[in-house]
Amino acid sequence: MLAVPKSQFTVGCPRIDGLFAQAPAEAWEEISCGDGAKGTRVYHWAAVRLPAVDEFDYQGEVPHRMRWALARRSISKPGEIAYYLAYAPLETTVRDLVRIAGTRWAIEECFQAAKNECGLDQYEVRRYVGWYRHITLAMLAHAFLATTAHQPREKGAEPVRQPSSSSSQWRRFGDSWQLVVPSPRTFVASEDDATR
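So the sequence shown is residues 1 to 196, counted in my numbering.
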């Protein structure tokens, strides 16, 4: 999934905004792309499968991947439209694409928190190696702070029992899976937390 400007070239039109200007009204669906700071983020979304490219998308006679163009339109301000290009397996649905496009906010929040808490943007280097080391250490510090923030805060809290060494570290968590990493104080969400 890649966010692109409205002037992006696409198949069928010289610009991606021209492609979605031709979309019928029923092509726009109201779909949530996840929860945000102010609640559920709902937009109008339109997605169109683009023609497959012989050199990249085919394995033998049948395509194994599909190219998509996706547009997100604000409900309150229909003139505000964001565009995306995607390359996904054949079984990918529009809802899958919308969910993936919605993860952008979580990534942006992570970088903003790392800038505020760990000085991610406070480097003054002139070479790639120095920049790479600074970014790596800042993100490691941010990961450490995020992990320790989610550990039980009570001093007398009992640590969560870990599975025996012969059992799997994979646990069912709602409709997905959670990896339990052995440590003395690992936070393990319950099934009740997954359904909230």
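C-beta: ideal position from N, C-alpha, C; glycine also.
Which residues mark the beginning and the end of the beta strand (DSSP E) in which residue i is found?
i, result
"A82", "I81 to P89"
"A3", "L2 to V4"
Name the DSSP beta bridge partners of residue i, please?
i, result
"I31", "Y43"
"L70", "A47 and Y84"
"A65", "The residue asked about is misnamed: residue 65 is Arg in this sequence, not Ala. Partner(s): P89."
"T59", "A small fix is needed here, since residue 59 is Gln in this sequence, not Thr. Bridge partners of Q59: V62."
Is the CB-CB distance between residue i and residue j below 8 Å?
i, j, result
"M1", "A69", "no"
"L85", "V11", "no"
"A52", "R41", "no"
"K6", "Y83", "yes"
"A27", "A46", "yes"
"R95", "G34", "no"
In terms of residues, what are the limits of the alpha helix (DSSP H) holding residue i?
i, result
"M139", "Y128 to A149"
"K115", "R104 to C118"
"I75", "No alpha helix (DSSP H) holds I75; DSSP gives it neither H nor E."
"A21", "I16 to A21"
Can you tell me whether residue i is buried or exposed, with buried defined as 16 or more other CB within 10 angstroms of its CB?
i, result
"L90", "exposed"
"I107", "exposed"
"R72", "buried"
"H142", "buried"
"L97", "buried"
"Y43", "buried"
"L120", "buried"
Any 3 or more C-beta pairs closer than 8 Å across the stretch 136-149 and the stretch 112-119: yes
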